[in-house]
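Before any comments, here is the structure.
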């Protein structure tokens, strides 16, 4: 909650007493108290606008009677609000009647029919008999972009799409054209829509003027069955509404009803249009066995039996420690829990890990350190009430688009001050009065964060005496910050001390602060140092400043948090209980792929991951998978990893399974099946159950809810969490151990002469992980991989837009189309990591940190 | 491609200096573009958006809202013929039809020699001398067919 306190106002609605914070508009309170007010252009997420003029109410205040628009008029002390009078109904009706002059009554074939505010309001005001002559427009529908159809005959020019595009998404792709009778909405110069394709405009459109074209099946919303579930892409954890008909997923929509999900009905392109992965002929159709390089279909029983037999013989011959499992950041908590249980209880092996923990094991320690220092992660639903948001090395519109939506809303309604720190000068438009942009040199993240700590102390921006009192090793921190002088920081980051002082001052003011850390931090080679510096920054602000600090840790996929909570790591059992002496054998899972390549691991089971494309270094994975004597891969699609398997098991997508996932700020949320498991596939949960049965020691649990019950018994933090209410799990039984995390200073490595450019790779705006390529809608808007370079580098190497770039590292080289983007700094090559034909991770040569490359024009 | 002329380029900072934020300078810049080119071209709107840090869509929404911004190429002389109540009662409709037939175009069109563009316009605040029309920046009042002939013939 913001630190600004708003006064409470007392008033009445239709004679019933009501209260609301000052400045609240009448319509918002009336809806909260359950009154129905006609309106077409109001949305709680947007600024008051008053376009449709259908929400008039009567207010009596200080002895005066007034007719006001309830969507813009704030409540006042002692005000009496009367929602329906003969007079207001007459005015509101007249305006709707005028809209109906033009609005086509093609409801039976309209996507919005049944969830249409125009229908609802017409009914509410009983407007069955039109008084005006009908004058329909008959313009053809505009289908110039692949996903969003404009059928403007239905448009009532409420402006919701224009405002959502601007205020929620910060894009301004849509705007009004002309005025009066001719007014309509459209793009600049009527060019094809070219935007972030978040589809927010479809959600807010009250009439079906804007429609989702991504699905073949169209039509009446009312005829579809709706299932609310959690999106399977990034770790923000949005609730999506799956619309199904005859057991087929037809489209994905957003539900704006308060309390449904943490995203207020906001979605991104991936979440809304990425449903093509569900019904897809390219899915693996049956269990497959690799016979000398070709895959043959086999039966499920045979496949399961084969894994169980192989596991048993490997245990007998090489010991349980030679069996390893790679759990998944995309499977549910229940599935990951069973997977680690299969290894630990049934096989007796602790060799279990997940990709995030393999690449950045310090993220879990960072989270636990936050707990020990009393630094919380507030619910993402409260992000729009933060006073200051520091977006640290995250390209929010690509990484957490819906997080960006909340921050923009905060900038409007809370006055959130936005600090955007990133090596790339990425677009993040919002309406905050204060916007500090720190565009710093790549990899200098830790310098920036540590310098901010030092300024807070040096300039006495925080109460250092108070910090010293609360945190025992304060003096060690001060000593460790000595190298972070203004000059050294300027040299490393390119930022002036004034910029950083202004930032530190903004952060130090009494405020509710949110610190969003992007996944790029983990690829700098100094991820641990950076996270620790940010933790120290948070501790300083928390102990020595007023207000609060909330940290949003870097987690990439929908269940990157949950897979670690479930103990799919060699360090921790479920609930972050230390493994200690439970297993006596050597820890091979920390270097999983190395230990496959060197022959120590004989049996590898990969559940729903494609490390060939998503692990930081491709060569070691390739060696590992080629060497390991037995490889089982269970996945939805034939990934490059699956191609190397001895046995492949087809699994279910998120739309077909039940369970829970945990997002980056630990909201545990439901995954609800909307359709049955497709074809011969099985859910990962069923596969693990089958395996335990075949091993002769079945799990007690039978269903996903049984497993959740077991998780609740095992992990105290999950005990009272209700996934249906999108609750966060809170750390339980953590002993407070306030301490700064001290790291030794190390200068940034200079680029090698031959490879003078630095590579940056992460998820594209329209793609994440390796499934989105199978969604036609997403490949339509994000078809090709483009490397991006600065105009200066382009000039130096005589490159122009559309050229093919040859990117070479000391390890490998690849060719990719390029475009010039001034947002990318000189010296950086940015390549998204989501195209299998552009294997960016092949460029890594085994060293940690940023990959150094050189570029040239490919002939 | 659209570019402001060097003289107009020089005026941009002066215009911006008058307002607390760049958005407020939108109408003056649209006007400047129209005076330079005769109309507001799509590229001009993109260029103005860049100068003022506004999206081209927003610039267009503002430009298309005002009837006095022309979104298509115009003739040398733009005739804005008032058809609002005072002028109408004094015979504006007939005079407008007369002007159109004299120029051999429909209202909203430009003559083939690119000399005249004819538009209907709402009240131009010269009701005391209705009917009236505006040609570029000049008001012509108390119109009659003869007077229109004379005015149009005098323009080259």
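Residue numbers (this note's numbering), protein chains in the order written: chain U, 1 to 859; chain F, 1001 to 1156.
Ideal Cβ positions, reconstructed from N, Cα and C, are used throughout, including at glycine.
Assigned secondary structure, residue i (DSSP; H/G/I helix, E/B strand, else coil)
i              : result
residue 548/U  : strand
residue 314/U  : helix
residue 277/U  : helix
residue 226/U  : strand
residue 530/U  : helix
residue 634/U  : strand
residue 1119/F : strand
residue 676/U  : coil
residue 1078/F : strand
residue 437/U  : strand
residue 749/U  : coil
residue 156/U  : coil
residue 175/U  : strand
residue 856/U  : strand
residue 184/U  : strand
residue 578/U  : strand
residue 477/U  : helix
residue 111/U  : coil
residue 91/U   : helix
residue 263/U  : coil
CB of residue i within 7 Å of CB of residue j, strictly
i              : j              : result
residue 588/U  : residue 606/U  : no
residue 555/U  : residue 770/U  : no
residue 1019/F : residue 172/U  : no
residue 674/U  : residue 244/U  : yes
residue 590/U  : residue 574/U  : no
residue 1133/F : residue 1126/F : no
residue 1030/F : residue 1063/F : yes
residue 815/U  : residue 858/U  : yes
residue 71/U   : residue 99/U   : no
residue 37/U   : residue 9/U    : no
residue 1072/F : residue 1098/F : no
residue 176/U  : residue 1061/F : yes
residue 287/U  : residue 277/U  : no
residue 494/U  : residue 440/U  : yes
residue 662/U  : residue 811/U  : no
residue 327/U  : residue 336/U  : yes
residue 745/U  : residue 314/U  : no
residue 346/U  : residue 520/U  : no
residue 831/U  : residue 761/U  : yes
Inter-residue CB distance, residue i and residue j (contact presumed, cutoff 8 Å)
i             : j             : result
residue 806/U : residue 855/U : 7 Å
residue 47/U  : residue 412/U : 6 Å
residue 681/U : residue 652/U : 5 Å
residue 850/U : residue 524/U : 6 Å
residue 787/U : residue 820/U : 10 Å between Cβ atoms; not a contact.
residue 665/U : residue 552/U : 6 Å
residue 350/U : residue 583/U : 4 Å
residue 209/U : residue 295/U : Going by Cβ atoms, the distance from residue 209/U to residue 295/U rounds to 48 Å, so no, they are not a contact pair.
residue 627/U : residue 841/U : Not quite, the Cβ-Cβ distance comes to about 18 Å (not below 8 Å), so this is no contact.
Element boundaries [alpha helix (DSSP H), containing residue i]
i              : result
residue 1101/F : 1092-1103
residue 389/U  : It is not in any alpha helix (DSSP H) - residue 389/U instead sits in the beta strand (DSSP E) that spans 388-392.
residue 363/U  : 362-372
residue 684/U  : 684-694
For residue i, the first and last residue of its enclosing beta strand (DSSP E)
i              : result
residue 1007/F : Where residue 1007/F is concerned, there is no enclosing beta strand (DSSP E), although the alpha helix (DSSP H) it sits in stretches over 1006-1017.
residue 1139/F : 1138-1140
residue 59/U   : 56-61
residue 1135/F : 1133-1135
residue 422/U  : 417-422
Proximity test, residue i beta-carbon vs the ligand FMN heavy atom, cut-off 6 Å
i             : result
residue 719/U : What this structure holds is no ligand at all, so the ligand FMN is not there to describe.
| task | Name, going along the chain, the residues of the stretch 1044-1061 of chain F whose beta-carbon falls closer than 9 Å to a beta-carbon of chain U. | result | Going along the stretch 1044-1061 of chain F in chain order, one finds 1045, 1046, 1049, 1054, 1055, 1056, 1057, 1058, 1059, 1060, 1061 with a Cβ nearer than 9 Å to chain U.
| query | Name the residues in the stretch 1017-1044 of chain F whose C-beta lies less than 7 Å from a C-beta of chain U; which are they? | reply | Answer in chain order: 1042.
| query | Taking a cut of 7 Å between CB atoms, which residues from the stretch 1059-1078 of chain F lie near chain U? | reply | So the close ones are 1060, 1061, 1064, 1065.
| What are the residues of the stretch 169-193 of chain U that lie near chain F, defined by any Cβ-Cβ distance shorter than 7 Å? | So the list reads 172, 173, 174, 175, 176, 177, 178, 179, 187, 188, 189, given in the order they occur along the chain.
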